[in-house]
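I have placed the structure first, in the form of structure tokens, so that the comments after it can refer back to it.
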Amino acid sequence: MIQRIIQDLQHKFKNDPMRLTHIMGVYETATKLALHHKIDPFKVQIASLYHDYTKNDKIETQTALLTPDEVALYKDYPVMYHALSAEHLLQKNHHILDEEIIQAIRHHIWGRPKMSSVEMIVFIADYAEPNRTFIDATALYELACMSLEKATLRCMEITLNNLKEQGANPHPEQLEAYHYYKEVTRGET
Ligand SMILES: [Fe+2]
Ligand SMILES: [Fe+2]
């Protein structure tokens, strides 16, 4: 199944090699982190490969895959549509109903409180893959080897700081997730 999805991605992103490189970087980083933390890598591999599957699709193509409630819930935060549509498409195309895989795709943008290790690994790998240049991906990877919770908090801080610089407001779900990880790590990153 993994090879079939990779071939599909190579075809889908043939005109966007940077996106494909990012996805493969997340896949490889998530695999390494799973093995480091002695977790079966299969779930993080599927979720990593699919997390940005619909990222380049038109917004109407993304929302066509969602329920009306999902469209309404994130109408001011359309970035969420690519996560939700990818999750639905994985279920549709590959009949994957595994809750951890689904949640890892759904929450790869903001995270959520009490994520499983699979979810945290995919969430962190999206930032810690080696092609990311706006952050120190190596330091983040090393932090994730020590503590998935602390690395999760670090990723959330990076996103919140970026939003602040842009003058944009975080979604309440994003703040809720951030406060949860701040609490469980006592703010230590
Ligand atoms: Fe994404
Ligand atoms: Fe991504």
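Residue 167 in my numbering sits at position 81 of the sequence shown; the count goes up by one each step and never skips.
Quick reminder that beta carbons are idealized off the backbone N, C-alpha and C, glycines included.
- Not a single heavy atom of ligand 2 lies less than 8 Å from the C-beta of H122.
- For ligand 2, residues qualifying as neighbours are D138 and D212, where qualification means a beta carbon closer than 5 Å to at least one of its heavy atoms (chain order).
- Secondary structure note for L151: it is in no alpha helix (DSSP H), with a DSSP letter that is neither H nor E.
- Here DSSP, grouped into helix, strand and coil, assigns V157 to helix.
- Assigned with DSSP and collapsed to three states, N255 falls in coil, not helix or strand.
- In the three-state scheme derived from DSSP, where H, G and I count as helix and E and B as strand, N217 is classed as coil.
- A214 and A120 have their C-alpha atoms spaced approximately 13 Å apart.
- Remark: the shortest separation between the CB of A223 and any heavy atom of ligand 1 does not fall under 8 Å.
- Non-local beta-carbon contacts of Y139 in its own chain, meaning distances under 7 Å to residues more than five positions away in sequence, involve A172 and L175 in chain order.
- In this structure, K98 has its CB at a distance of at least 8 Å from all heavy atoms of ligand 1.
- For the 9 Å CB-CB criterion, C231 and G197 do not form a contact.
- Ligand 1 has a heavy atom closer than 8 Å to the beta-carbon of I195.
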